[in-house]
Amino acid sequence: MAPESPAGSLPVGPPPAAQALLTLKGVWRSYASGESSIDALKDVNLTIQAGEFVAIIGQSGSGKSTLMNILGCLDRPTKGTYRVGGRNVRRMLPDDLAALRREHFGFIFQRYHLLPDLDARGNVEVPAVYAGRSAGVRRKRSTDLLARLGLADRMGHRPNQLSGGQQQRVSIARALMNGGQVILADEPTGALDTKSGVEMMAILKELNAEGHTIILVTHDPKVADNARRIIEISDGEIVSDKPNGPQVDRVVAEPSAVAALGKESWTATADRLGDALRMALLAMNAHRLRTLLTMLGIIIGIASVVSILSIVGGAQKSILSSVGSLGSDTVNIFPGSGAGDERATRVASLTPRDVTLLEAQPYVDSVSPTVATGRVIRAVSVSGNGTVLGVSDQYFRVQNVKIARGQGFTPGQVAAADQVAVIDDNTATKLFADKDPIGRIVLLGDVPVRVIGVTAKPEGMAAIFQGANLQVGTPYTTLMARMVRQPNVAQITVRLADGQSATAVEKAVVQLLKAQHHKQDFFVMSSDTLRQQLGQITLIFSVLFGSIGGIALLVGGIGVMNIMLVSVSERTREIGVRTAVGARQSDIMSQFMIEAVLVCLIGGAAGIGLSIALGAVFSVFVKDFELVYSPLSILTAFGTATIIGLVFGWLPARNAAALDPVDALARE
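The opening residue of the sequence shown carries number 243 in my numbering; numbering runs sequentially from there.
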């Protein structure tokens with residue numbers, strides 16, 4: 243037995259006497275039919291030498307097309323052995339078979355099987371794309387072949403712009419693109435008129451004279467008479483195999499006929515992916531409405547996610563800004579053991595002495611104690627329930643409170659416990675309407691104070707804490723001495739010096755006051771802690787609402803998968819053609835994966851654009867809230883779209899790659 247040739251290789255030149263080019267031994271091909279099976283080929287034994295012109299003739303259903311499919315490695319025998327150049331085909335993997343079809347076989351189909359979205363030159367170049375030929379080599383080879391076949395002026399025309407004879411010539415050029423050592427022609431004249439049929443047979447004879455092995459399948463004895471050997475098949479069995487006419491020496495193609503195309507270059511993979519990208523774009527353009535509807539789910543899902551993240555980002559920015567308005571980088575000190583301590587109001591642990599001690603620390607910018615009480619507030623004939631805050635002169639800096647009219651307290655007024663007050667804008671409006679309150683007297687219960695300032699209307703979160711009650715601020719010494727008569731304060735707020743860490747200051751304050759009190763009868767909270775808590779809350783909302791948007795993306799992804807499955811079904815014939823001319827399974831899979839990813843990426847870009855457009859409209863009508871679009875959210879959206887395309891495009895792509903070429907070609 244002759245040694246097997248390497249994968250994908252065929253002997254070029256006359257084979258050894260003991261080794262034919264194509265050999266079938268005891269080949270059966272059976273198809274399941276219910277609980278039984280049908281034998282399309284029965285114990286076929288056949289040898290074909292390089293350079294022969296063989297016609298396989300038989301009636302419809304005789305098995306001749308099945309035999310040709312096995313010879314062309316489009317199908318596999320159920321039983322028996324088929325050797326190509328000495329190598330057993332049954333041991334080959336799908337990509338090994340694709341390599342044989344790509345490099346050594348050329349197919350001429352009765353129905354032409356040209357790709358409708360490519361022009362004549364593009365159809366001819368398809369096998370060379372999968373063979374890794376460079377663009378320049380492909381272009382020259384396809385141009386030369388089409389010109390030789392009389393189509394020099396039709397190279398840019400698509401199949402629907404060509405006659406039947408012209409389409410068949412394009413099919414011949416495609417079969418010869420990679421050399422076409424073996425040409426398999428299935429009823430090549432079946433769809434042609436008489437004149438075109440005669441021209442077709444003349445071309446096949448010419449190719450055989452140049453050294454190409456021609457295997458012709460036909461039911462017409464007149465067509466078969468052009469061959470030098472006629473094999474008759476009936477009911478799956480060869481009933482006759484005889485020479486036809488005078489026999490002449492066979493011519494075998496020289497090695498240079500294929501080698502002239504050049505070896506596969508390092509750009510081969512890029513070319514195949516480029517072809518897959520081009521075909522994906524053509525398919526999407528050919529079904530624009532369906533593509534748009536497929537993208538709609540992705541557009542809505544991405545727009546939802548990006549919009550939600552921008553809303554949460556805007557809310558986070560607004561909240562953090564508002565936290566700053568409550569007191570920029572502050573540490574608050576409270577009596578008791580912690581938040582919620584029921585004894586906190588009875589613990590007299592914080593005193594004015596603590597305030598003085600804290601003022602002297604280098605990490606402190608300013609300090610203010612707070613003492614609060616409720617009183618009826620009166621001015622002339624107007625009164626209302628209100629809150630009286632006892633604070634220091636540094637309160638306005640600590641809490642970042644602006645004075646709209648008048649002035650704040652002075653250190654001397656605090657030290658002397660002067661009966662002066664700073665009121666908020668609500669109180670000014672309530673008590674004095676449109677009159678100037680500066681210098682007027684206000685009664686806090688039965689204690690009179692003179693108004694020396696009015697605070698500006700608070701913004702952001704500070705406005706929430708303003709409440710509906712009237713608010714009046716006095717020196718904490720005044721409140722402690724004349725109203726509540728207590729030695730301790732309810733709270734101390736420390737504003738950090740620039741560049742100080744809130745965490746470090748918290749630790750320093752705790753150590754300082756523990757040393758002062760000889761125990762820890764207080765606890766601290768910082769604005770940084772509040773920011774962290776609010777950040778966690780916004781993160782939870784981001785995840786929650788992002789998950790809702792993710793459901794829309796999931797639905798969109800399922801839509802992509804369904805449409806891609808439909809696309810695979812519609813383009814089964816195209817898949818069969820590409821497989822027949824040598825496409826690997828990875829080539830078919832990448833084509834449909836690229837299409838799915840493109841749909842999702844374009845839909846993702848449209849979704850981001852829609853979200854930004856909605857944000858622009860939103861900003862026109864809502865002035866007090868800003869949507870924040872972060873680069874991370876946009877990149878996340880693109881990444882999500884890509885992942886959706888890959889995940890939901892994988893199943894249709896796998897189904898496409900797994901299609902049997904002979905079944906795909908036969909699919910209507």
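The C-beta atom is built at its ideal place from N, Cα and C for all residues, glycine as well.
Cβ shell of residue i (< 6 Å), same chain only, five flanking positions each side left out
{"i": "G798", "result": "G539, I540 and G543"}
{"i": "A895", "result": "M831, F834 and M835"}
{"i": "S482", "result": "E474"}
{"i": "L901", "result": "I817"}
{"i": "R318", "result": "none"}
{"i": "L519", "result": "I836"}
{"i": "I805", "result": "T536"}
{"i": "R380", "result": "E367 and A370"}
{"i": "E506", "result": "Confidence is the limiting factor: at E506 the pLDDT is only 48, short of 50, which leaves the residue's position unreliable, though a coordinate-based value still follows. Only G374 meet the Cβ criterion."}
{"i": "A825", "result": "Y372"}
{"i": "A898", "result": "V810, I817, I830 and F834"}
{"i": "D905", "result": "none"}
Same chain, Cβ closer than 7 Å to residue i, neighbours up to 5 away in sequence not counted
{"i": "P358", "result": "R400, P401 and N402"}
{"i": "R353", "result": "A433"}
{"i": "K267", "result": "N287, G322 and T323"}
{"i": "A262", "result": "T289, I290 and Q291"}
{"i": "T884", "result": "V839, C842 and L843"}
{"i": "Q409", "result": "Y354, L356 and P401"}
{"i": "I706", "result": "The pLDDT assigned to I706 is 40, lower than 50, so where the model puts this residue is not dependable; a value taken from the coordinates is nonetheless given after this. None."}
{"i": "V808", "result": "none"}
{"i": "S476", "result": "G300 and S304"}
8 Å Cβ shell around residue i - same chain, five flanking residues per side excluded
{"i": "E441", "result": "G407"}
{"i": "I665", "result": "L673, P679, V684, V693, G695, V696, T697, L712, Q713, V714 and G715"}
{"i": "G687", "result": "R617, V618 and M725"}
{"i": "R471", "result": "E294, F295, V296, A297, D483, K484, P485 and N486"}
{"i": "E868", "result": "G556, K559, S560 and S861"}
Nearest to residue i (by Cα), restricted to the options the options
{"i": "V622", "options": "L685, Q742, V664 and Y871", "result": "L685"}
{"i": "P485", "options": "E452, V296 and D596", "result": "V296"}
{"i": "G555", "options": "V870, A900 and L877", "result": "V870"}
{"i": "P903", "options": "T320, L339, R332 and K284", "result": "L339"}
{"i": "G627", "options": "V618, S811, R375 and H759", "result": "With the sequence shown as reference, residue 627 is identified as Asn, and Gly is not the correct amino acid for it. Nearest of V618, S811, R375 and H759 to N627, Cα basis: V618."}
{"i": "V269", "options": "G478, S384, L360 and M803", "result": "G478"}
{"i": "A658", "options": "M722, P430 and K756", "result": "M722"}
{"i": "T652", "options": "G328, K644 and F638", "result": "F638"}
{"i": "K644", "options": "A825, K699 and E345", "result": "K699"}
{"i": "R332", "options": "T265, V379, S546 and G887", "result": "T265"}
{"i": "H759", "options": "L807, T878, L534 and P577", "result": "P577"}
{"i": "R390", "options": "A469, E448, K756 and L404", "result": "E448"}
{"i": "Q919", "options": "Q641, S872 and Q603", "result": "What the structure shows of the chain is the stretch from 243 to 910, and residue 919 is not part of that stretch, so it cannot be assessed."}
Beta-carbon gap between residue i and residue j smaller than 8 Å
{"i": "V751", "j": "V731", "result": "no"}
{"i": "G616", "j": "A663", "result": "no"}
{"i": "T719", "j": "T612", "result": "no"}
{"i": "V819", "j": "L893", "result": "no"}
{"i": "N420", "j": "A373", "result": "yes"}
{"i": "I575", "j": "L599", "result": "no"}
{"i": "L738", "j": "T572", "result": "yes"}
{"i": "S552", "j": "S853", "result": "yes"}
{"i": "V465", "j": "F347", "result": "no"}
{"i": "T308", "j": "A282", "result": "yes"}
{"i": "D635", "j": "G650", "result": "yes"}
{"i": "V412", "j": "A362", "result": "yes"}
{"i": "A341", "j": "L387", "result": "no"}
{"i": "A377", "j": "D462", "result": "no"}
{"i": "S768", "j": "A746", "result": "no"}
{"i": "I800", "j": "F890", "result": "yes"}
{"i": "D596", "j": "L755", "result": "yes"}
{"i": "V633", "j": "S610", "result": "yes"}
{"i": "M310", "j": "D467", "result": "no"}
{"i": "G300", "j": "F349", "result": "no"}
{"i": "A545", "j": "G849", "result": "yes"}
{"i": "V548", "j": "I876", "result": "yes"}
{"i": "T431", "j": "G439", "result": "yes"}
{"i": "L458", "j": "A451", "result": "no"}
Counterpart residues of residue i in DSSP-defined beta bridges
{"i": "Q733", "result": "T612"}
{"i": "W270", "result": "K321"}
{"i": "V459", "result": "I298 and D428"}
{"i": "V633", "result": "P717"}
As an exercise, report each continuous alpha helix (DSSP H) stretch of at least 4 residues that is fully enclosed by the stretch 303 to 385, in chain order.
306 to 313, 336 to 345 and 362 to 372
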